[in-house]
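Residue numbers (our numbering): 197 to 675.
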């Protein structure tokens with residue numbers, strides 16, 4: 197009876213004990229409580245199983261540099277496992293994309309047929325649809341992850357990518373690969389088959405529901421409530437020295453370029469954007485949370501080394517009017533010129549401001565106009581804004597009005613069904629390439645190219661150290 201039970205939990209691909217060792221089987225036996233089976237009996241039973249004796253690994257233990265992260269989903273590691281030698285038994289699938297979260301050790305795996313960017317995107321898209329997303333994505337030297345389509349996909353989802361030449365740096369996903377393949381080949385031996393595609397997800401599920409040696413718990417059980425305890429277990433060798441925070445809450449800092457937080461926008465470089473520290477988290481090393489100019493908190497955690505030295509904000513952000521006095525009198529001899537060399541503003545400023553800038557109106561037949569209010573946020577592209585326009589309408593109006601963007605002409609097409617009217621007002625019309633206060637009652641293309649930066653207000657800088665000049669019908673000292 198006991199041997200039959202051991203066979204059931206050991207040879208079931210979905211069981212946390214599947215194709216495992218004495219420890220994993222012993223835990224399942226105790227957790228389920230169906231039978232009283234000693235560790236010695238489990239050991240003797242395993243010695244009779246070819247799947248255990250033939251595939252028992254030889255381990256070489258040596259110290260390696262650890263990959264240290266601060267939170268769940270802060271960093272994922274990825275790899276492609278080559279399975280081409282048995283692809284004919286697996287519907288032509290030659291590779292397995294394996295991904296693992298560095299802190300929780302939670303893993304995913306998806307089979308792919310070729311190493312094209314399109315196939316990688318489809319496989320990784322399936323993983324993201326399961327509800328989690330990393331801040332950073334790390335792989336080793338494989339060029340497949342440098343594919344243009346895959347890189348564009350990561351950028352679209354605001355996932356930072358980096359790779360290293362040190363072959364031990366992606367060791368966490370490599371260790372998962374070994375665990376997965378060991379389970380897989382034990383299954384092959386037990387079932388006399390070489391087909392894995394039909395049980396791959398069961399094997400991964402078994403891994404995620406099994407106790408992981410390094411974290412002392414199941415990857416499926418790791419969450420935000422217990423991640424700090426887990427962090428201490430993984431990295432928290434206690435030191436006599438107290439944790440020292442280099443920065444205080446409220447300090448204004450600039451992020452190191454190495455964090456890849458900045459992106460190019462209207463100005464050539466955004467390294468001047470200033471952030472404010474909002475929270476200090478007691479860990480080793482200590483980490484911080486920061487917010488941008490609009491008080492929107494970034495998801496990432498940052499260490500002392502992520503910041504430049506604490507500096508005062510030297511860039512002045514102007515919402516309406518701001519008057520500045522120079523610190524001292526400038527004495528200039530002979531002829532001289534004054535110029536505005538740089539004007540910095542954060543790329544996280546909302547593309548559309550509150551009010552008419554973020555609304556448009558529609559009506560069906562003779563009914564009164566209804567208002568659609570877009571979310572006030574930073575739209576990084578016209579594609580993103582177009583999706584927001586379509587998603588912001590009710591299901592009823594979505595069948596009568598559709599927005600699309602032509603990448604060749606860079607114009608917006610508004611497909612309006614008979615009896616429906618759309619009315620653009622203010623800056624939103626300008627951004628989409630229409631004249632302000634445009635009424636649309638039929639399928640219409642914008643007369644001008646759409647410009648995501650068209651929603652920014654004009655900025656004027658005046659100074660009394662230059663001669664006045666005519667701007668439109670006004671004479672002002674404008675730089």
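Think of the CB as a built atom: it goes at the ideal place given N, C-alpha and C, for glycine as much as any other residue.
DSSP state of residue i mapped onto helix, strand, coil
| i | result |
| --- | --- |
| residue 202 | helix |
| residue 323 | helix |
| residue 454 | At residue 454, the pLDDT of 42 sits below 50, so the modelled position is not reliable; the number obtained from the coordinates is stated separately. Residue 454: helix per DSSP, three-state reduction. |
| residue 392 | coil |
| residue 444 | coil |
| residue 316 | helix |
| residue 493 | strand |
| residue 382 | helix |
| residue 336 | coil |
| residue 254 | Confidence at residue 254 is low in this model, with a pLDDT of 41, below 50, so the placement of that residue is unreliable and no value is reported for it. |
| residue 573 | coil |
| residue 240 | helix |
| residue 232 | coil |
| residue 666 | strand |
| residue 308 | strand |
| residue 449 | strand |
| residue 358 | strand |
| residue 568 | strand |
| residue 595 | coil |
| residue 208 | coil |
Spatial neighbours of residue i in its chain, beta-carbon cut-off 6 Å, leaving aside the 5 residues before and after
| i | result |
| --- | --- |
| residue 349 | 317 |
| residue 641 | 607 and 609 |
| residue 465 | Bear in mind that a pLDDT of 30 at residue 465, under 50, signals an unreliable position, so the number given afterwards is only what the model happens to contain. The answer is none, since no qualifying residue turns up. |
| residue 313 | 343, 345 and 346 |
| residue 494 | 486 |
| residue 201 | 231 |
| residue 395 | 209 |
| residue 629 | 607, 608, 642, 644, 645 and 646 |
| residue 233 | 198 and 225 |
| residue 625 | 632 and 634 |
| residue 288 | 309 |
Bridge partner(s) assigned by DSSP for residue i
| i | result |
| --- | --- |
| residue 303 | 296 |
| residue 411 | Answer by DSSP bridge pairing: none, since residue 411 is not bridged. |
| residue 274 | 295 |
| residue 609 | 600 and 641 |
| residue 619 | 557 and 635 |
| residue 475 | 485 |
| residue 671 | 666 |
| residue 658 | 674 |
| residue 498 | 484 |
Proximity to residue i [Cα-Cα], best of the options
| i | options | result |
| --- | --- | --- |
| residue 567 | 345, 222, 618 and 476 | 618 |
| residue 614 | 604, 340 and 598 | 598 |
| residue 309 | 300, 371, 319 and 443 | 319 |
| residue 570 | 623, 230 and 385 | 623 |
| residue 384 | 229, 359, 341 and 282 | 282 |
| residue 359 | 471, 406, 421 and 271 | 271 |
| residue 371 | 357, 479 and 408 | 408 |
| residue 333 | 356, 587, 322 and 421 | 356 |
| residue 470 | 449, 486 and 494 | 449 |
| residue 632 | 556, 594, 210 and 657 | 556 |
| residue 329 | 426, 564, 295 and 636 | 295 |
| residue 657 | 420, 395, 673 and 593 | 673 |
| residue 415 | 386, 299 and 588 | 299 |
| residue 580 | 562, 441 and 603 | 603 |
| residue 397 | 210, 268 and 218 | 210 |
| residue 560 | 582, 574 and 590 | 590 |
| residue 563 | 671, 616, 595 and 572 | 616 |
| residue 378 | 584, 627 and 214 | 214 |
| residue 278 | 265, 307, 264 and 266 | 307 |
| residue 265 | 374, 423, 587 and 438 | 423 |
| residue 331 | 382, 439 and 352 | 352 |
| residue 482 | 496, 488, 440 and 491 | 440 |
Sequence-distant residues of the same chain with beta carbon closer than 8 Å to residue i, five excluded per side
| i | result |
| --- | --- |
| residue 227 | none |
| residue 605 | 641 and 645 |
| residue 301 | 368, 372, 408, 410, 411, 415 and 418 |
Own chain residues within Cβ distance below 7 Å of residue i, not counting five before or after
| i | result |
| --- | --- |
| residue 391 | 285 and 286 |
| residue 577 | 648 |
| residue 212 | 220, 224, 402, 405 and 406 |
| residue 638 | 612 |
Supposed contact pair residue j and residue i - C-beta distance, whole angstroms, cut 8 Å
| i | j | result |
| --- | --- | --- |
| residue 273 | residue 418 | Not quite, the Cβ-Cβ distance comes to about 16 Å (not below 8 Å), so this is no contact. |
| residue 280 | residue 290 | 4 Å |
| residue 367 | residue 216 | That belief does not hold up - the Cβ atoms of residue 367 and residue 216 are roughly 21 Å apart, past 8 Å. |
| residue 411 | residue 430 | 7 Å |
| residue 636 | residue 612 | 6 Å |
| residue 676 | residue 205 | Residue 676 is absent from the structure shown; the chain starts at 197 and stops at 675. |
| residue 292 | residue 305 | 5 Å |
| residue 420 | residue 323 | Their Cβ separation, rounded to whole angstroms, is 20 Å, which puts residue 420 and residue 323 out of contact at 8 Å. |
Proximity test, Cβ basis, 8 Å: residue i and chain D
| i | result |
| --- | --- |
| residue 644 | Given the protein chain composition of this structure (a single chain), no chain D is represented. |
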